[in-house]
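Comments concern the structure below.
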Amino acid sequence: MNYVLLTAAADRPDALKRALETADELSRRDVAARVVEIDRLGEESIPVDSLVVSLGGDGTFLRAAHFAHRYRSRILPVHLGRIGFLLNVPTEEITQAVVTGLSSTASVERLALAIRVGDDPVSYFALNEVVLERFEAGRMVRVLTYVDDEEYLTYTADSVMVATPTGSTAYNFSAGGPVVDSALDVLILTPVAPHFTIDRSIVVSGERTVRLSVRERPANVVVDGRLLRTLQPNEVLEVTRQSDPVRVVYSSAFELGHRLRTNLREGHA
Numbered sequence: 009m010n011y012v013l014l015t016a017a018a019d020r021p022d023a024l025k026r027a028l029e030t031a032d033e034l035s036r037r038d039v040a041a042r043v044v045e046i047d048r049l050g051e052e053s054i055p056v057d058s059l060v061v062s063l064g065g066d067g068t069f070l071r072a073a074h075f076a077h078r079y080r081s082r083i084l085p086v087h088l089g090r091i092g093f094l095l096n097v098p099t100e101e102i103t104q105a106v107v108t109g110l111s112s113t114a115s116v117e118r119l120a121l122a123i124r125v126g127d128d129p130v131s132y133f134a135l136n137e138v139v140l141e142r143f144e145a146g147r148m149v150r151v152l153t154y155v156d157d158e159e160y161l162t163y164t165a166d167s168v169m170v171a172t173p174t175g176s177t178a179y180n181f182s183a184g185g186p187v188v189d190s191a192l193d194v195l196i197l198t199p200v201a202p203h204f205t206i207d208r209s210i211v212v213s214g215e216r217t218v219r220l221s222v223r224e225r226p227a228n229v230v231v232d233g234r235l236l237r238t239l240q241p242n243e244v245l246e247v248t249r250q251s252d253p254v255r256v257v258y259s260s261a262f263e264l265g266h267r268l269r270t271n272l273r274e275g276h277a
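Here the sequence shown is numbered in this note's numbering, starting from 9 and rising by one per residue.
Okay, here's the thing in structure tokens:
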């Protein structure tokens, strides 16, 4: 692997500037590198087993992770000074981190979701979560949940999500769901603003299949923060573990305890 694609948001001139500087530094080391704005990433293609570097926040990282997974490549998330729970490489260390990533096969595998909606033959990908949210403002959704073929709970809530351990510190955390070690092979079901306060999150094995359906009213399907489509009452949303995990290049110091202390606490300081 000797190809690097660096991506950043167009509204972050500091990120684009640092990406261009890094590409120049890498070219002087005979490493093929290119910079692409995150909004134009869908127009690009890269060799399999490349290294994708995201510069920005968690949103940029998630979009870049979708792209990297499509080409069976690893991703290196760079932190640019704002709070980013999924990011670990500081800006000043980016070039060395890329060089180290190129010379090593070391990466951490992160569970991702495979999502099927109704009769749609396409399987969609999520790294953080898939959410069934209310279609109409002011109206809750009633979501039936099944794990494998067993009926679990019927939630009446603003929305219901299935999250990964990686996504447990994102929307799941804001909704009162548990923080889960990213190394675990589990799926997390969490209601958002449930009507009954006794309704809480459920954690199930990553080997299980979770199916969600709605009663009476449709609901929007949102994947990693992006609207996918609308689920009708006669359709089923099926969620399983992706057969191919996301490969993320992290430093050895990027441990859960450190992230909880420095990111979540700082975010509420």
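Idealized CB from N, CA, C, for every residue including glycine. As the structure is a computational prediction, the values presented were derived from the model and not from experiment.
Determine which residues share a DSSP beta bridge with residue i and list them.
{"i": "Val279", "result": "No answer is possible for residue 279: it lies beyond the span of the chain, which begins at 9 and ends at 277."}
{"i": "Phe133", "result": "Ala122"}
{"i": "Ala255", "result": "Note that residue 255 corresponds to Arg in the displayed sequence, not to Ala. According to DSSP, which records beta bridges pairwise, Arg255 is partnered with Arg82 and Glu117."}
{"i": "Ile210", "result": "Leu197"}
{"i": "Thr15", "result": "Val44 and Ser62"}
{"i": "Leu239", "result": "Ala227"}
{"i": "Ser221", "result": "Leu152"}
{"i": "Val138", "result": "Val170 and Val231"}
{"i": "Leu245", "result": "Val125 and Leu220"}
Determine the closest residue to residue i out of the options, with distance taken between C-alpha atoms.
{"i": "Val222", "options": "Thr164, Asp207, Thr248 and Thr198", "result": "Thr164"}
{"i": "Leu192", "options": "Gly184, Arg208, Glu215 and Ser182", "result": "Glu215"}
{"i": "Phe143", "options": "Asn180, Leu235 and Asn228", "result": "Asn228"}
{"i": "Pro173", "options": "Arg118, Gln250, Leu84 and Ala72", "result": "Arg118"}
{"i": "Val151", "options": "Gln240, Ser182 and Val231", "result": "Gln240"}
Out of curiosity, what's the CA-to-CA distance linking residue i and residue j?
{"i": "Thr68", "j": "Asn10", "result": "22 Å"}
{"i": "Arg255", "j": "Thr238", "result": "30 Å"}
{"i": "Glu158", "j": "Thr99", "result": "48 Å"}
{"i": "Ala27", "j": "Val149", "result": "43 Å"}
{"i": "Val287", "j": "Arg80", "result": "Examination of residue 287 is not possible in this model, given that the chain is present from 9 through 277 alone."}
{"i": "Thr153", "j": "Arg219", "result": "6 Å"}
{"i": "Pro21", "j": "Leu88", "result": "11 Å"}
{"i": "Thr30", "j": "Gly175", "result": "29 Å"}
{"i": "Leu14", "j": "Gly233", "result": "22 Å"}
{"i": "Thr162", "j": "Leu140", "result": "13 Å"}
{"i": "Ala305", "j": "Asp207", "result": "With the chain represented from 9 up to 277, any question about residue 305 goes unanswered, as that position is not in the structure."}
{"i": "Glu33", "j": "Val86", "result": "16 Å"}
{"i": "Leu236", "j": "Ile102", "result": "33 Å"}
{"i": "Arg82", "j": "Val257", "result": "7 Å"}
{"i": "Ala261", "j": "Val194", "result": "Any answer about Ala261 is weak, because its pLDDT of 49 lies below 50 and its placement is not dependable; what the coordinates show is given next. One C-alpha to the other measures close to 23 Å."}
{"i": "Ser251", "j": "Val130", "result": "15 Å"}
{"i": "Arg48", "j": "Val231", "result": "19 Å"}
{"i": "Ser111", "j": "Ala17", "result": "27 Å"}
>> If we require 4 or more residues per run, which alpha helix (DSSP H) segments fall completely within the segment 50-111?
In response: 66-78 and 102-111
> Would you say the segment 31-49 touches the segment 135-142, given that touching needs at least three Cβ pairs under 8 Å?
Replying inline: no
> Is the number of C-beta pairs between the segment 201-215 and the segment 69-79 that are closer than 8 Å three or more?
Replying inline: no
> Can at least three beta-carbon pairs, one atom from the segment 232-247 and one from the segment 109-124, be found at a separation below 8 Å?
Replying inline: yes
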